[in-house]
Amino acid sequence: MTPLHRAVTAGASRVFEFLLDQKVDPSAREAQGRNVLDLAKDQSDASARRALLQLLEHPGQADGRGDAEQAMGSELRRRPKKDPAADLKVKFAHNAAATFWFVSVSLASFQYLTDIRDASWSAAPYVVRGPAAGPARQRVGAASAARVSLGPVRPSGGGEAEETAPPEGHTPGMGGANGSGSAARAVGEADAAAGQAAEPAPLVLSGSGARPGEHESATARKYRPLQKHPALFDTESGWQEDWFDADFLAAMRADTDEAWSSAVEEHLPGALFSCRMFSKKFCDMLIEEVDNFAATGLPARRPNSMNNYGIILNEIGWKPMVNVLQDNILARIAARYWPHIAPFDGHHTFIVRYKENEDRGLDMHTDDSDVTFNLCLGREFSGAGLSFCGVMGQPDHRRHSFTYKHNIGRCCWHLGRQRHGADDITAGERLNLIVWNHTPRTARPRNTSLLPTRRRRGLPTRCA
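The sequence shown finishes on residue 475 if you use my numbering, and the numbering steps up by one all the way, no holes.
Given below as structure tokens:
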């Protein structure tokens with residue numbers, strides 16, 4: 012009698028597999044000529060019989076000639092163990108083609124949706140309705156809707172746009188022969204809306220600055236009693252007029268093509284603009300506030316994934332003030348130069364610092380924004396230009412097109428998809444205030460990432 016016979020007699024089914032692994036012969040017979048399967052049946056031990064049937068087979072079972080229980084009394088052997096790795100390889104081989112097809116289709120669909128997103132929003136601007144959008148946003152929405160649905164494009168600036176004539180016998184907006192009255196009313200309403208949009212809006216520089224879902228950070232609460240210039244944080248008093256350049260304020264108030272042409276310089280057609288926007292007084296105040304915060308030792312995160320020096324102003328309590336600036340100044344500027352862009356609903360505002368032995372420059376990248384405003388605050392520096400290439404995804408996105416030179420108080424603005432990079436500073440220190448403006452259509456998460464692009468051999472460093 013083998014140890015396996017004794018285990019069957021004792022009903023110790025837990026040790027069956029161990030004994031078989033130790034090469035105990037399951038076909039061995041005891042004194043009465045019974046193997047272990049015969050013994051389990053004679054003892055009417057159903058659990059032991061089931062356990063043995065899972066572990067044993069007879070030589071003919073692999074050829075389809077019955078199972079081990081039907082061959083009781085014949086030769087038995089250990090059933091081969093299954094190899095999980097082999098099973099996984101078989102499953103992978105069976106599903107590899109389907110998996111490859113699914114991944115390929117998913118990537119192609121994602122790329123397609125990414126490519127048509129900008130074209131879709133250019134063709135069908137986001138129209139904001141309701142009092143919460145603000146008067147400037149409602150005017151932009153009405154003017155954009157009129158351009159899309161009622162015929163020729165009428166540029167807000169001084170440029171000319173190609174007009175497309177409707178097919179002969181067709182009246183825009185008509186659904187049938189009886190639609191001429193509705194079409195006339197629609198055209199009249201569109202002209203009225205365009206006339207209202209052309210009227211300059213009152214310049215508002217104050218407000219609550221509060222937005223739904225925004226809360227003061229712990230750092231901002233701790234810094235509130237330590238502020239050096241509390242006026243910079245006072246949304247009720249708002250942005251003081253002497254913080255702005257006089258010519259810029261005049262252009263904002265007049266809001267005419269002539270006023271903007273005299274104040275704004277267009278460096279790249281339809282892509283890069285700049286003007287002297289803020290006074291030296293404001294720039295000095297903000298630098299002093301940043302230095303004051305740094306001296307407190309309060310925690311501060313780096314501005315984004317590529318700049319190592321600077322602070323996020325939203326986190327020290329300045330976000331409500333930038334909300335006021337965005338709603339009443341930045342949104343109006345963006346609407347004038349890019350009317351197809353939806354109204355802003357958020358921003359990431361921060362200070363970057365370039366200095367020898369720290370961050371000297373920044374590689375080519377695109378911003379995580381729809382529109383970026385970049386203001387030079389100071390200090391004394393040389394070098395540190397801002398090189399621009401084409402729009403990401405366009406054939407000229409690696410071709411250098413312009414190098415912008417920073418001047419204190421002067422602000423430039425461009426689309427976030429416009430590739431650009433900061434040239435190395437050669438002496439001194441430069442601090443810039445940067446506002447990444449977001450719209451409801453922005454598809455990526457609100458983070459602090461720049462999107463760097465890889466350099467290629469044989470291309471200029473500034474645009475590679």
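Note that the Cβ used here is the ideal one computed from N, Cα and C, for glycine as well.
(request) Pull up the distance between the alpha-carbon of F399 and that of D378, whole angstroms please. (result) For the purposes of this step, residue 399 is identified with residue 388 of the sequence shown, where counting begins at 1. For the purposes of this step, residue 378 is identified with residue 367 of the sequence shown, where counting begins at 1. Their backbone Cα atoms lie some 13 Å apart in a straight line.
(request) Could you pull out every unbroken alpha helix (DSSP H) segment of at least 4 residues lying fully inside the region 278-307, listed in chain order? (result) The qualifying runs are 291-307.
(message) Between D32, S24, V35, E28, which has its C-alpha nearest D56's C-alpha?
(response) Your numbering for residue 56 matches position 45 in the sequence shown. The option with the nearest alpha carbon to D56 is S24.
(request) Say whether the region 426-439 touches the region 329-336, bearing in mind that this needs 3 or more beta-carbon pairs closer than 8 Å, one atom from each stretch. (result) Judged by Cβ distances under 8 Å, the region 426-439 makes no contact with the region 329-336, as fewer than three pairs qualify.
(request) Between the Cα of Q33 and those of Q43, P14, L50, R45, spot the shortest distance and give me the residue it belongs to. (result) As a position in the sequence shown, residue 33 is number 22, starting the count at 1. Selected option, being the one with the closest Cα: P14.
(request) Work out the CA separation of S285 and P350 for me, nearest whole Å. (result) Here residue 350 is taken as the residue at index 339 of the sequence shown, counted from 1. Here residue 285 is taken as the residue at index 274 of the sequence shown, counted from 1. Computed Cα separation, rounded: 17 Å.
(message) Between which residues of its own chain and H358 is the CB-CB distance below 7 Å, once the five residues before and five after are set aside?
(response) Taking the sequence shown and counting its residues from 1, one reaches residue 358 at position 347. If you ignore the 5 residues before and after H358, its C-beta comes within less than 7 Å of the C-beta of V333, Q337, V446, W447, N448, H449, all in its own chain and listed in chain order.
(request) To the nearest angstrom, report how far apart P310 and V114 are at their CA atoms. (result) By 1-based counting over the sequence shown, the position of residue 310 is 299. By 1-based counting over the sequence shown, the position of residue 114 is 103. A straight line joining the alpha-carbon of P310 with that of V114 spans about 43 Å.
(request) With DSSP as the reference, label Y415 as helix, strand or coil. (result) Looking up residue 415 in the sequence shown gives position 404. Y415: strand per DSSP, three-state reduction.
(message) Measuring straight from C-alpha to C-alpha, what distance separates F111 and P406?
(response) In the sequence shown, residue 111 corresponds to position 100, counting from 1. In the sequence shown, residue 406 corresponds to position 395, counting from 1. Straight-line measurement puts the Cα of P406 at about 30 Å from the Cα of F111.
(message) On the CB-based measure, 16 or more other CB atoms within 10 Å of its CB, does F121 come out buried or exposed?
(response) Counting from one through the sequence shown, the residue named residue 121 turns up at place 110. With fewer than 16 Cβ atoms within 10 Å of its Cβ, F121 is classed as exposed.
(request) List the residues that DSSP assigns as beta-bridge partners of W447. (result) Mapped onto the sequence shown, residue 447 falls at position 436. Paired residue(s): H359, T383.
(request) Report yes or no: do the region 280-294 and the region 219-228 share at least 3 C-beta pairs separated by less than 8 Å? (result) Note that the region 280-294 does not touch the region 219-228; fewer than 3 beta-carbon pairs, one per stretch, sit closer than 8 Å.
(request) Can you grab the Cα-Cα spacing for the pair E369 / G404, in whole Å? (result) As a position in the sequence shown, residue 369 is number 358, starting the count at 1. As a position in the sequence shown, residue 404 is number 393, starting the count at 1. So the alpha carbons of these two residues sit roughly 31 Å apart.
(request) Give the secondary structure of L67 by DSSP, where H, G and I count as helix, E and B as strand, and everything else as coil. (result) Working through the sequence shown from its first residue, we reach residue 67 at position 56. Taken through DSSP and simplified to helix, strand or coil, L67 comes out as strand.
(message) If I follow the unbroken beta strand (DSSP E) through L373, where does it start and stop?
(response) By one-based count along the sequence shown, residue 373 stands at place 362. Its beta strand (DSSP E) spans residues 373-378.
(request) Go ahead and label E300 buried or exposed: buried means 16 or more other beta carbons lie within 10 angstroms of its beta carbon, across all protein chains shown. (result) Mapped onto the sequence shown, residue 300 falls at position 289. Classified as buried, E300 has 16 or more neighbouring CB atoms from the shown chains inside 10 Å of its CB.
(message) Going by beta-carbon coordinates alone, are L373 and M317 separated by less than 7 Å?
(response) Walking along the sequence shown from the start, residue 373 turns up at place 362. Walking along the sequence shown from the start, residue 317 turns up at place 306. Yes, the pair counts as a contact, with Cβ atoms nearer than the cut-off.
(message) Using the Cβ count rule (16 or more neighbours within 10 Å means buried), how would you classify D256?
(response) Numbered from 1 along the sequence shown, position 245 holds the residue referred to as residue 256. Looking at its Cβ environment, which holds 16 or more other Cβ atoms inside 10 Å, D256 is buried.
(request) Decide if R441 is buried, meaning its Cβ has at least 16 other Cβ atoms within 10 Å, or exposed. (result) As a first step, residue 441 is located in the sequence shown; it is residue number 430 there, counting from the start. Buried is the call here.
(request) Enumerate in chain order the residues of its own chain whose CB-to-CB distance from Y320 is below 6 Å, with the five nearest sequence positions on each side excluded. (result) For the purposes of this step, residue 320 is identified with residue 309 of the sequence shown, where counting begins at 1. Taking Y320 as the centre and dropping the five residues before and after it, the same chain places the C-beta of R364, E369, D370 closer than 6 Å to its C-beta, in chain order.
(request) On a CA-only basis, which of M296, S272, N46 is nearest W250? Give me that one, please. (result) By one-based count along the sequence shown, residue 250 stands at place 239. Of the candidates M296, S272, N46, the one whose C-alpha sits nearest the C-alpha of W250 is M296.
(message) Given this structure, state the Cα-to-Cα distance separating D253 from E247, to the nearest angstrom.
(response) For the purposes of this step, residue 253 is taken as the residue at position 242 of the sequence shown. For the purposes of this step, residue 247 is taken as the residue at position 236 of the sequence shown. Their backbone Cα atoms lie some 16 Å apart in a straight line.
(message) Taking a contact to mean a Cβ-Cβ separation below 7 Å, would you say G432 touches T414 in this structure?
(response) Taking the first residue of the sequence shown as position 1, residue 432 is located at position 421. Taking the first residue of the sequence shown as position 1, residue 414 is located at position 403. It is not a contact, given that the beta carbons lie outside the stated cut-off.
(message) If you reduce the DSSP assignment to three classes, tell me which class A197 lands in.
(response) By 1-based counting over the sequence shown, the position of residue 197 is 186. Low confidence applies here, because A197 scores a pLDDT of 47, under 50, leaving its location unreliable and the question unanswered by this model.
(request) Give the range of the alpha helix (DSSP H) segment to which W271 is assigned. (result) Mapped onto the sequence shown, residue 271 falls at position 260. 268-274 is the span of the alpha helix (DSSP H), which, as asked, contains W271.
(message) Taking its Cβ as the centre, do 16 or more other Cβ atoms sit within 10 Å of L124, making it buried, or is it exposed?
(response) Walking along the sequence shown from the start, residue 124 turns up at place 113. Exposed.
(request) Would you kindly check if the distance between the Cβ of M288 and the Cβ of C422 is under 7 Å? (result) Locating residue 422 in the sequence shown gives position 411, where the first residue counts as 1. Locating residue 288 in the sequence shown gives position 277, where the first residue counts as 1. Yes, they are a contact pair.
(request) Compare the beta carbon distance of T307 and L237 with 7 Å and say whether it is the shorter of the two. (result) One-based indexing of the sequence shown puts residue 307 at position 296. One-based indexing of the sequence shown puts residue 237 at position 226. It is a contact, given that the beta carbons lie within the stated cut-off.
(request) With DSSP as the reference, please indicate the residues paired to A433 in a beta bridge. (result) Here the question's residue 433 lines up with position 422 in the sequence shown. A433 is bridged by DSSP to L373, L397.
(request) Could you check what DSSP says for I323 in three-state terms: helix, strand or coil? (result) As a first step, residue 323 must be located in the sequence shown, where it is residue number 312. Residue state, collapsed to three classes: strand.
(request) Put H351 into one of helix, strand or coil per three-state DSSP. (result) Position 340 of the sequence shown, counted from the start, is the residue given in the question as residue 351. Assigned with DSSP and collapsed to three states, H351 falls in coil, not helix or strand.
(message) My output table needs one value for L99: the three-state DSSP class, helix, strand or coil.
(response) Numbered from 1 along the sequence shown, position 88 holds the residue referred to as residue 99. In the structure shown, L99 sits in a helix (DSSP, three-state: H, G or I).
(request) Tell me where the alpha helix (DSSP H) around R232 begins and ends. (result) The residue you call residue 232 lines up with position 221 of the sequence shown. Unbroken alpha helix (DSSP H) run through R232: 229-234.
(message) According to DSSP, is R441 part of a helix, a strand, or is it coil?
(response) Residue 441 sits at position 430 when you count from the first residue of the sequence shown. Correct three-state label for R441: strand.
(message) Can you give me the C-alpha to C-alpha distance between E86 and G22, rounded to a whole angstrom?
(response) Within the sequence shown, residue 86 is the residue found at index 75, counting from 1. Within the sequence shown, residue 22 is the residue found at index 11, counting from 1. In a straight line, the C-alpha of E86 is about 22 Å away from that of G22.
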